[in-house]
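Asker:
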Amino acid sequence: MTVNRLLRELLNVKGASVAGFDLREHEGGAKTLVVHVRLYKRDKWRCPVCGRKCPVHDYVCGEAFWRGMDFGPVRVVVGSRVPRVCCPGHGVLTAGVPWAKPNSRFTLDFAYSAAWMVKCGLSRSRVAERLDIDWKTVGRLVELVWRDLEPDVGKRFDGLRKIGIDETSYRKGHSYITTVVNHETNTVIWACEGHGKEVVDKFFKELTPEQRASIEVVTGDGARWITDSCAEHCPGAKRCLDPFHAVEWANAALDAVRVEAWRRALEKWRGMGKPKNGDREAKEARRAAKQAADDIKHSKYALGKNPENLTPGQQERLAVIQAGDGALSRAHAMKEQLRLIFKMTDADEAAAAIDRWTARAQRCRIPAFVELQRKIRRHREHIINAIRYHVSNARIEALNNKIKLLIRVAYGFRNIDTMIALVMLFCSNITIPWPSCNAPMRMNKGKSRQEVA
Ligand SMILES: [Zn+2]
């Protein structure tokens, strides 16, 4: 095997031969290996967009360079003279090459390595440090890989039956990203900046009439615009409330009750005043009152979590609160009753249980729960639909949490397109192959390479 052939294999530059190389030494001892390659005739002069063979326009660009995977301590750069071509459909553009995407200064192998590392959970700064690139470039490479792996996102819309729509804020209170998930594959199928009816409308407009008609169930939170948009574009679909949203509401109401109980306990403790010297009984009572206030203060997680997931310490705290016969104890019991309704499998039984629950909550004299009861009444039909159409809550909640976590990480990239690429790439069943793993894993590889070549 000749050195040129070896270099070609190592660099994975298909469709070209190595014409020569030179090793450049920089100040401080760093080295760069520049490998000059020449495209084979069949891959020469192709439009980077459509891949069509085109006449050469000019050679003004001279030699172009792409950063490749390093060989140990030596940085590797691929160089090739690429002309501008004149495509009848796309105009004058720099010709495409098979080893890189248009307008990218990195080889595909390099881009895949970066995306692979991000998928493994390395932060953008770690990836940037390891590959010695700008952190903004890390985001761009992730986007590039997503588009290479999935040139046609519209495929995700085929055969949809159960979908979920949800919005997540990624900057406190201001900026939102709306995601649509396919409940059957548990993957994200669409993501877009913003929220509200226009955004949901935008999603439905991207679907063909057949794709829209196949949707049977649309889940989401209580937002009005989801209901409206769904009725407008998918009149046949059943609107459901994701049960975990209702449980979230209940937890918020419960927390309001807890804060109020804590405030009252603190007031009681303060009202006791400082005991006189030697009055042991008063001292003891005061200490107990402070303890009771602290117990309530630190009980947020003990109250909010499902009882089966509590730590021993949290169980103890909950037991103390349940022993007291106050509003907090009653509110906790009501939250648990509501949560268990969503575990029911029979829609009619659940409907009866909801009615019993709302009747009780209406008379409970705890303002937060009276308010919650009104909300549950408003969404009664959508809640029962969720049970009737077997919307599996645990999976939806898990995917939702994954999306939220990812968006928080992705916010570090400070670029909405990168954020969407991350969500689409990582909340899906696409595998990102490490460059040395061979072919079959790389989805759509043939097609997208053809587009470039
Ligand atoms: Zn073209």
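Each residue of the sequence shown is one higher than the one before, starting from 1406 at the first, in my numbering.
Just so it is clear, CB atoms sit at the ideal spot from N, CA and C, and this is done for glycine as well.
Only a predicted model underlies this, so the values are computations on that prediction, with no experimental measurement involved.
Around ligand 1, which residues pass a check of Cβ closer than 6 angstroms to any of its heavy atoms?
Answerer: Residues with a Cβ closer than 6 angstroms to any heavy atom of ligand 1, in chain order: Cys1452, Val1454, Cys1455, Arg1457, Cys1492, Gly1494, His1495.
Asker: Do you know whose CA, among Ala1690, Gly1433, Asn1417, Glu1721, lies nearest Pro1503's CA?
Answerer: Here the question's residue 1503 lines up with position 98 in the sequence shown. Selected option, being the one with the closest Cα: Asn1417.
Asker: Alpha carbon to alpha carbon, what distance is there between Leu1411 and Lys1419?
Answerer: Locating residue 1419 in the sequence shown gives position 14, counting from the first residue. Locating residue 1411 in the sequence shown gives position 6, counting from the first residue. The alpha-carbon atoms of Lys1419 and Leu1411 are separated by roughly 13 angstroms.
Asker: Buried or exposed: where does Asp1463 fall if 16 or more other Cβ atoms within 10 Å of its Cβ makes it buried?
Answerer: To locate residue 1463, count along the sequence shown from 1; it is residue 58. Per the 10 Å Cβ criterion, exposed.
Asker: So Val1442 is in the beta strand (DSSP E); what residue range does that whole segment cover?
Answerer: Residue mapping note: residue 1442 aligns to position 37 of the sequence shown, counting from 1. 1436-1444 is the extent of the beta strand (DSSP E) around Val1442.
Asker: Which value, in whole angstroms, describes the spacing of the CA atoms of Arg1813 and Asn1805?
Answerer: Counted from its first residue, the sequence shown places residue 1813 at position 408. Counted from its first residue, the sequence shown places residue 1805 at position 400. Distance between the alpha carbons of Arg1813 and Asn1805: 12 angstroms.
Asker: Do the CB positions of Cys1645 and Val1662 come within less than 8 angstroms of each other?
Answerer: Within the sequence shown, residue 1645 is the residue found at index 240, counting from 1. Within the sequence shown, residue 1662 is the residue found at index 257, counting from 1. Not a contact, by the Cβ cut-off of 8 angstroms.
Asker: Report all residues from its chain with a CB closer than 7 angstroms to the CB of Lys1695; omit the five preceding and five following residues, and keep chain order.
Answerer: For this step, residue 1695 is matched to residue 290 along the sequence shown. Excluding positions up to five away in sequence, the list reads Trp1674.
Asker: Using only the alpha-carbon positions, how far apart do Ala1596 and Arg1785 sit?
Answerer: Locating residue 1596 in the sequence shown gives position 191, where the first residue counts as 1. Locating residue 1785 in the sequence shown gives position 380, where the first residue counts as 1. Taking the straight line joining both Cα atoms gives about 28 angstroms.
Asker: Label Arg1847 either buried or exposed according to how many other C-beta atoms from any shown protein chain fall within 10 Å of its C-beta, with 16 as the threshold for buried.
Answerer: Residue numbering aside, residue 1847 sits at position 442 when the sequence shown is read from its first letter. Its pLDDT being 42, under 50, Arg1847 is placed unreliably by the model, and the measurement read from it follows with that caveat. By the neighbour-count rule (16 or more Cβ atoms within 10 Å), Arg1847 is buried.
Asker: Count the other CB atoms within 10 Å of the CB of Met1824; is the residue buried (16 or more) or exposed (fewer)?
Answerer: Mapped onto the sequence shown, residue 1824 falls at position 419. The residue is buried, with at least 16 neighbouring Cβ atoms inside 10 Å.
Asker: In this structure, does DSSP put Gly1718 in helix, strand or coil?
Answerer: In the sequence shown, counting from the first residue as 1, residue 1718 sits at position 313. Helix, per DSSP.
Asker: Considering just the uninterrupted stretch of the beta strand (DSSP E) at Ile1594, what are its terminal residues?
Answerer: Residue mapping note: residue 1594 aligns to position 189 of the sequence shown, counting from 1. Per DSSP, Ile1594 belongs to the beta strand (DSSP E) from 1592-1598.
Asker: Relative to the C-alpha of Asp1647, which residue among Phe1747, Pro1493, Gly1729 is closest?
Answerer: Start at 1 with the first residue of the sequence shown, and residue 1647 comes out as number 242. The shortest Cα separation from Asp1647 among Phe1747, Pro1493, Gly1729 belongs to Phe1747.
Asker: Distance check for Thr1542 and Ser1485, CA to CA, integer angstroms please.
Answerer: Along the sequence shown, read from residue 1 onward, the residue named residue 1485 stands at position 80. Along the sequence shown, read from residue 1 onward, the residue named residue 1542 stands at position 137. Distance between the alpha carbons of Ser1485 and Thr1542: 22 angstroms.
Asker: Grouping DSSP H, G and I as helix and E and B as strand, with all else coil, what is Lys1458?
Answerer: To locate residue 1458, count along the sequence shown from 1; it is residue 53. Lys1458 falls in the strand class under three-state DSSP.
Asker: Can you name, in chain order, every residue of its own chain whose Cβ lies under 8 angstroms from the Cβ of Asp1606, other than the five neighbours on each side?
Answerer: Here residue 1606 refers to the residue found at position 201 when the sequence shown is read from its first residue. So the qualifying residues of the chain are Ser1634, Glu1637, His1638.
Asker: Taking the C-alpha atoms as reference points, what is the distance between Val1547 and Ala1519?
Answerer: For the purposes of this step, residue 1547 is taken as residue 142 along the sequence shown, with counting starting at 1. For the purposes of this step, residue 1519 is taken as residue 114 along the sequence shown, with counting starting at 1. In a straight line, the C-alpha of Val1547 is about 7 angstroms away from that of Ala1519.
Asker: When we look at the beta-carbon of Leu1811 and count the other beta-carbons within 10 Å, is it buried (16 or more) or exposed?
Answerer: Locating residue 1811 in the sequence shown gives position 406, where the first residue counts as 1. So Leu1811 counts as buried.
Asker: Using DSSP with H/G/I as helix, E/B as strand and the rest coil, what is Ser1634?
Answerer: Mapped onto the sequence shown, residue 1634 falls at position 229. In the structure shown, Ser1634 sits in a helix (DSSP, three-state: H, G or I).
Asker: In its own chain, which residues sit with a C-beta less than 6 angstroms from the C-beta of Ala1773, not counting the 5 before and 5 after it?
Answerer: Position 368 of the sequence shown, counted from the start, is the residue given in the question as residue 1773. Excluding residues within five positions, the ones whose Cβ falls inside 6 angstroms are Ala1658, Ala1661, Val1662.
Asker: Excluding the 5 residues preceding and the 5 following Leu1565 in the sequence, name in chain order all residues of the same chain whose CB lies nearer than 7 angstroms to its CB.
Answerer: By one-based count along the sequence shown, residue 1565 stands at place 160. Asn1587, Gln1616, Ser1619, Ile1620.
Asker: Does DSSP classify Val1497 as helix, strand or coil?
Answerer: Start at 1 with the first residue of the sequence shown, and residue 1497 comes out as number 92. Of the three classes helix, strand and coil, the one that applies to Val1497 here is strand, per DSSP.
Asker: Could you tell me which uninterrupted alpha helix (DSSP H) segments, each at least 4 residues in length, are contained entirely in the stretch 1610-1689, listed from first to last along the chain?
Answerer: As far as the stretch 1610-1689 is concerned, its whole alpha helix (DSSP H) runs of at least 4 residues are 1614-1618, 1629-1638, 1648-1676.
Asker: Applying the criterion that 16 or more other CB atoms from any shown protein chain within 10 Å of the CB defines a buried residue, is Ala1826 buried or exposed?
Answerer: Taking the first residue of the sequence shown as 1, we reach residue 1826 at position 421. Counting Cβ neighbours within 10 Å, Ala1826 comes out buried, since at least 16 surround it.
Asker: Arg1576 by DSSP, collapsed to three states: which one?
Answerer: As a position in the sequence shown, residue 1576 is number 171, starting the count at 1. DSSP places Arg1576 in strand when its eight states are reduced to three.
Asker: Can you tell me which of the three DSSP states Asn1587 falls into?
Answerer: Stepping through the sequence shown from its first residue, residue 1587 is reached at position 182. Here Asn1587 sits in strand by DSSP.
Asker: Tell me, please, whether the stretch 1497-1517 touches the stretch 1447-1457 by the rule of three or more beta-carbon pairs shorter than 8 angstroms.
Answerer: They touch, by the three-pair rule.
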